[in-house]
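Structure, as structure tokens:
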Amino acid sequence: MERIEIALPGARLHALQHGPQAGSPVLCIPGLSANAHSFDALAVKLAASGRRVVAVDLRGRGRSPAGGVGSHGWRRHAEDLLAAADALGFRAFDLVGHSMGAFVAMQAAALGQDRVRRLVLIDGAGRPEAAVVAPILAGLERLETIHPSADEYAAMIRLQGAAVPWAELWERHYREELERVPGGVRPRTSKAAVLEDVRYGATHDPRAFWPALRMPTLLLRATWPLLPGTGFVVGAALRDEFAAEVPSARVVEVPANHYGVMAEPSGLAAIEQFLA
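Here the sequence shown is numbered in this note's numbering, starting from 409 and rising by one per residue.
Structural data, given as structure tokens:
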């Protein structure tokens, strides 16, 4: 794995790069408040098969600086991604997005249809079920809050129970987002940037991108609720609607929740096979 910095007009994106420089490129987009380490399990698998995998931190996430007010939202992130592909020399590439990153991926595919060869949407296709909105928003309370230590921060996230498998993927992800500050540690991710994307999502429907998805598309759907007693980010009705309205798509169901889907072996194998 290599850390890289991608200079864009008026912005800078931090990214993690895996695999050989000459490998066929795959760009990966994390979710609402996630960072590039959420793709570590997938990136290792794809890199082992010779792919060049670049997972980005969106503006205001992880180690990428936030922009000013009005510089976030799915379209701006998608424009950043296409500019990052230019900077990396990727004329055409495969694109993978998780959660809100799937919405950004669909927006990028709509803007650059001649550039996105294959599209993978990981547990994101349209608006999530109402029952998961409150837990998702509650997870943002960790941002811009000082925690006594990295160990206590990691223990708090683990006890919430959604981020699984913990040791295999998510502990590294959440520890990575921390920076030392007086009094302890604090996530680097900008709460203001994330909340701007939340507001953007409240007034935009990802279904608007579906007609543009003419490239081969894979939707990975988590079949376990986000947390016990809640709901799904991609419910069964949304799954069926997507499959009916996007002829280029196939759907694979994965026995995991919205976080576990990022490391579940059968899901990773499905993505590897789809991108082969």
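Quick reminder that beta carbons are idealized off the backbone N, C-alpha and C, glycines included.
What you are looking at is a predicted structure, and each value in this text was computed from that prediction instead of being measured.
Taking the beta strand (DSSP E) that residue i falls in, what are its first and last residues?
| i | result |
| --- | --- |
| G505 | F501 to H506 |
| G592 | G592 to P595 |
| I554 | From DSSP, I554 is part of no beta strand (DSSP E); its letter is neither H nor E. |
| A444 | Segment: none, A444 is in no beta strand (DSSP E) and carries neither H nor E. |
| A474 | From DSSP, A474 is part of no beta strand (DSSP E); its letter is neither H nor E. |
| R460 | R460 to V464 |
Let's see if you can read the secondary structure: which residues bound the alpha helix (DSSP H) around residue i?
| i | result |
| --- | --- |
| Q425 | Unbroken run through Q425 is the beta strand (DSSP E), A419 to H426; no alpha helix (DSSP H). |
| A575 | Looking at the DSSP string, A575 is not in any alpha helix (DSSP H), and its letter there is neither H nor E. |
| V579 | Note that residue 579 is Glu in the sequence shown here, rather than Val. Start and end: E579 to E584. |
| A601 | K599 to A610 |
| R484 | W482 to L496 |
| A542 | V541 to A546 |
| A677 | P673 to L683 |
Does the beta-carbon distance from residue i to residue j come in below 8 Å?
| i | j | result |
| --- | --- | --- |
| F511 | P433 | no |
| W482 | H612 | yes |
| G376 | H506 | In the structure as shown, the chain begins at 409 and stops at 684. Residue 376 is therefore absent and cannot be evaluated. |
| R469 | N443 | yes |
| L628 | A570 | no |
| V659 | A678 | no |
| P595 | E604 | no |
| E680 | L503 | no |
| R523 | R499 | yes |
| S598 | R622 | no |
| A601 | H480 | yes |
| E517 | L416 | Per the sequence shown, the amino acid found at residue 517 is Ala instead of Glu. Going by C-beta atoms, A517 is not nearer than 8 Å to L416. |
| L519 | L435 | no |
| A630 | V669 | yes |
| S441 | L551 | yes |
| P614 | M514 | yes |
| L496 | I414 | yes |
| G458 | G478 | no |
| Y608 | Y582 | no |
| L646 | G509 | no |
| E587 | W618 | no |
Please check if any C-beta of chain B sits within less than 8 Å of the C-beta of residue i.
| i | result |
| --- | --- |
| H581 | In the displayed structure, chain B is absent; only one protein chain is listed. |
Verify the contact flag: residue i, CB atom, against every heavy atom of the ligand FAD, threshold strictly below 7 Å.
| i | result |
| --- | --- |
| P655 | In the structure on display, the ligand FAD does not appear, and there are no ligands present to speak of. |
What does residue i pair with, by DSSP beta-bridge criteria?
| i | result |
| --- | --- |
| E410 | Q425 |
| I437 | G505 |
| I530 | H506 and L628 |
| E661 | R629 |
| A415 | R420 |
| V467 | Val is not the amino acid found at residue 467; the sequence shown has Arg there. DSSP lists no partner for R467. |
| R588 | V593 |
| V512 | Answer by DSSP bridge pairing: none, since V512 is not bridged. |
| V524 | F501 |
Touching by the beta-carbon criterion (3+ pairs, under 8 Å), the region 460-472 and the region 416-430: yes
Touch check for the region 554-570 and the region 519-528: three-plus C-beta pairs under 8 Å? no
Mind pulling the beta strand (DSSP E) runs of 3 or more residues that sit fully within the region 622-656? 625-630
Three or more C-beta pairs closer than 8 Å, one from the region 673-684 and one from the region 539-546: is that the case here? no
With a threshold of 8 Å, are at least 3 pairs of Cβ atoms found where one atom belongs to the region 443-459 and the other to the region 571-583? yes
Answer yes if the region 534-541 comes into contact with the region 634-643, meaning at least three C-beta pairs across the two stretches below 8 Å, and no otherwise. yes
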